[in-house]
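A.B. asks:
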Amino acid sequence: MVDDIALRASGLIMEFKGFRAVDGVDLAIPRGTIHALIGPNGAGKSTCFNLLTKVLTPTAGAIHFEGRDITGLSPANVARLGIVRSFQISAVFGTMTVLENVRIALQRHRHGDSWDFWRSDRVLAHLHEEALALLASVGLADYAGHVANDLPYGRKRALEIATTLALEPRVLLLDEPMAGMTQEDVTRISALIRKVAVGRTVVMVEHNLSVVADLSDRITVLARGKILAEGEYADVARDPRVIEAYIGVAHA
Ligand code: ADP
Ligand code: MG
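Each residue of the sequence shown is one higher than the one before, counting from 3 in my numbering.
Here's what the structure looks like:
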């Protein structure tokens with residue numbers, strides 16, 4: 003049976019020394035949608051995110067990817083299935099050029115970590131072409147020869163997206179993609195996320211609510227480890243429980 007739910011979480015619980023950071027969370031994220039996880043500080047967003055990417059193993063509950071139980075898999079194994087996180091574990095090598103970064107990401111994805119020094123010129127030329135195409139798709143064509151460390155912040159994030167796309171993700175998980183960005187970068191990276199979301203499923207934790215409103219098909223609001231509300235932005239934004247949770251924190 004083909005499940006049109008890309009990622010499903012059922013009864014997820016994560017306890018830290020008896021404290022429930024995530025307390026019975028159910029999610030069903032349809033394929034091809036952008037889903038945002040929001041909520042006040044300490045709500046359990048990062049913990050949920052780490053459960054979905056298998057960085058953490060839940061105390062109880064299950065996670066399914068396209069109908070397959072992935073609860074017991076390692077982060078490397080879920081990445082191989084196409085569930086890839088961006089941004090937090092930065093895949094960028096600062097002293098290499100933008101182009102080299104993407105070429106290496108492509109090479110690793112195709113051929114693994116075992117370096118093969120006998121690789122043919124034809125294969126390398128092909129990777130080079132592919133890397134250029136990927137850079138063009140994230141708006142970095144003009145930066146190909148730049149050293150990654152020299153990129154402005156927003157461009158570095160675009161490079162991170164490019165190295166993530168090299169892994170051909172089916173589900174892309176983004177933890178606070180807009181953190182620390184200028185408005186100009188936010189606009190650019192928003193457009194980029196919308197573009198790369200085509201044909202993929204995107205799950206993001208994001209504090210910038212206008213970005214969430216703009217990009218997300220659906221939103222789950224967490225508070226104290228539980229789901230407070232879920233739906234389209236316009237609906238959750240006027241839910242009194244959501245307003246209360248945010249205002250409660252603002253006044254804490
Ligand atoms: P959010 O990302 O929504 O701000 P987190 O998922 O980071 O929330 O944290 C949720 C709650 O779980 C917080 O109270 C936090 O202190 C606690 N917590 C998170 N990680 C750990 C950990 N490794 N050990 C103990 N408590 C943790
Ligand atoms: Mg967090």
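Even glycine gets a Cβ: it sits at the ideal position worked out from N, Cα and C.
With DSSP collapsed to three states, give me the class of ILE91.
C.D. replies: In this prediction, ILE91 scores a pLDDT of 46, lower than 50, which makes its location untrustworthy; no coordinate-derived value is stated.
A.B. asks: Between the Cα of ALA239 and those of SER218, GLY69 and ASP28, spot the shortest distance and give me the residue it belongs to.
C.D. replies: Checking every option, the nearest Cα to that of ALA239 belongs to SER218.
A.B. asks: In angstroms, rounded to a whole number, what distance separates the CA positions of PHE67 and LEU136?
C.D. replies: Approximately 26 Å between the Cα atoms of the pair.
A.B. asks: With a cut-off of 6 Å, give the chain-ordered residues whose Cβ is closer than this to any heavy atom of the ligand MG.
C.D. replies: Output, sorted by chain position: LYS47 and SER48.
A.B. asks: For GLY333 and THR55, I'd like the C-alpha separation in whole angstroms.
C.D. replies: The question about residue 333 has no answer, for the chain in this structure spans 3 to 254.
A.B. asks: Quick check on ALA164: buried or exposed, where buried means 16 or more other Cβ atoms within 10 Å of its Cβ?
C.D. replies: When all chains shown are included, ALA164 counts as buried.
A.B. asks: Out of curiosity, what's the CA-to-CA distance linking HIS37 and HIS128?
C.D. replies: Computed Cα separation, rounded: 34 Å.
A.B. asks: So for ARG243, helix, strand or coil by DSSP?
C.D. replies: Note: ARG243 maps to helix in three-state DSSP.
A.B. asks: So, does the segment 36 to 52 touch the segment 196 to 207, judging by three or more C-beta pairs under 8 Å?
C.D. replies: Contact holds: three or more Cβ-Cβ distances are below 8 Å.
A.B. asks: Across which residues does DSSP place HIS66 in a beta bridge pair?
C.D. replies: DSSP output for HIS66 lists ARG10 and ASP71 as bridge partner(s).
A.B. asks: Kindly indicate the opening and closing residues of the alpha helix (DSSP H) around THR342.
C.D. replies: Because residue 342 is not part of the residues shown, which for the chain are 3 to 254, the question remains open.
A.B. asks: With a 10 Å radius around its C-beta and 16 neighbouring C-beta atoms as the bar for buried, classify GLY41 as buried or exposed.
C.D. replies: Buried, by the Cβ-count rule.
A.B. asks: With 16 as the cutoff for other CB atoms within 10 Å, does PHE51 come out buried or exposed?
C.D. replies: That one is buried.
A.B. asks: According to DSSP, is PRO77 helix, strand or coil?
C.D. replies: It is helical.
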